[in-house]
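First residue of the sequence shown: 4, per my numbering; consecutive thereafter. Each residue gets a CB set at the ideal place from its N, CA and C atoms; glycine is no exception.
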Amino acid sequence: MRASIIGDSRIAMRNPHATGPAVGFIGVATPGRALGGSQLALAMRIVTVLAILLMMLPAMAAPATYSGEARVANQSEVARANALKTALAEVVIRLSGDPGILARDNVAEAVAKAEKYVLQYSYRRDTAMDTFSGAEKPQLILVAEFDSAAVDRMLGGLGIGEIGNAANIDATPVEKRIWLSGIHSSADYARGIGYLSRQPLVRQSWPIEARGDGILIRVEIAGDFNRWLGLVDQDGVMQVNSASPPVQGIDATLALSP
4 MRASIIGDSR IAMRNPHATG PAVGFIGVAT PGRALGGSQL ALAMRIVTVL AILLMMLPAM
64 AAPATYSGEA RVANQSEVAR ANALKTALAE VVIRLSGDPG ILARDNVAEA VAKAEKYVLQ
124 YSYRRDTAMD TFSGAEKPQL ILVAEFDSAA VDRMLGGLGI GEIGNAANID ATPVEKRIWL
184 SGIHSSADYA RGIGYLSRQP LVRQSWPIEA RGDGILIRVE IAGDFNRWLG LVDQDGVMQV
244 NSASPPVQGI DATLALSP
């Protein structure tokens, strides 16, 4: 099943005393007497406003999702967790158009956190042809719906898709200073600096000062700094502790994820 955008829901109102099918209807009445001209006009305005609000509800109630699926042996937690990763991997491959995209370590790490992006899932029973016997056998499929906005932010942070395209990279750069904590070894340092160097919206980054388990880094960001912080926070390699810390000379504090 290819990745698709789904955003459909329906709302029906039913007369509790009716025996037929549900019908969308709003009635306004005054017990015991007929409505006067001004009252009728007011009632009609109320009906019109309510009708408009109800027309807007489906769009607000159902966020767009990306759909992916994977075969599972059973409905256990372990099988479900692995299937969600496979389903999200399918979505990422289709959105990127690159069958080898999962070979990138940062993409594989993001896909491994599939439960972070899933909105809902269900199971479907199919049949498949046995390769050796040629007989049909039952097959259980997990169908997952992922939050498209969160997936888009994740892909943008990895330089995949619309958020990481050239139009954004060519935006006016801003220079900021960030404090990155969680640096306990040379491997942590390499991971943090390497992540920044791969960011499509980061034009340049260079360490200024090291102290304790943290380093002060000057970064040149193409575009809005707060938007970039949001992408970083969604990616999972680093966590944003504060986007406006009360420390002079530091524009944001982040921590390297363990």
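Three-way DSSP call (helix, strand, coil) for residue i in this model
i      : result
GLY233 : helix
ALA113 : helix
ALA84  : helix
LEU105 : helix
ALA258 : strand
SER245 : strand
PHE149 : strand
GLY137 : coil
GLY160 : helix
ASP155 : helix
ALA90  : helix
ILE121 : In the sequence under discussion, the amino acid at residue 121 is Val, which differs from the Ile named in the question. Residue state, collapsed to three classes: strand.
Exposure of residue i, with buried meaning 16 or more beta-carbon neighbours within 10 Å
i      : result
GLU72  : buried
MET157 : buried
TRP231 : buried
LYS140 : exposed
VAL121 : buried
GLU93  : buried
THR68  : buried
Chain-order list of residues whose beta-carbon lies under 6 angstroms from that of residue i (same chain, five-residue window excluded)
i      : result
ARG201 : none
LYS179 : VAL222, PHE228 and ASP254
VAL243 : LEU232, ASP236 and LEU257
Neighbourhood of residue i by C-beta, 7 angstroms cutoff - its chain only, sequence neighbours within 5 removed
i      : result
ALA246 : ASN229, LEU232 and ALA255
Minimum Cβ-Cβ distance from residue i to chain C less than 8 angstroms
i      : result
GLY100 : You won't find chain C in this structure, because it holds only one protein chain.
Supposed contact pair residue j and residue i - C-beta distance, whole angstroms, cut 8 angstroms
i      : j      : result
LEU259 : ILE186 : 6 angstroms
ALA90  : ALA131 : ALA90 to ALA131, Cβ: 17 angstroms. No contact.
GLY162 : PRO203 : 4 angstroms
GLU118 : ALA84  : 7 angstroms
Same chain, Cβ closer than 8 angstroms to residue i, five either side skipped, listed in chain order
i      : result
ARG128 : PRO141, GLN142, LEU143 and ILE144
Original post:
Enumerated in chain order, which unbroken segments of the alpha helix (DSSP H) with a length of 4 residues or greater are wholly contained in the stretch 170 to 222?
Top reply: 189 to 201
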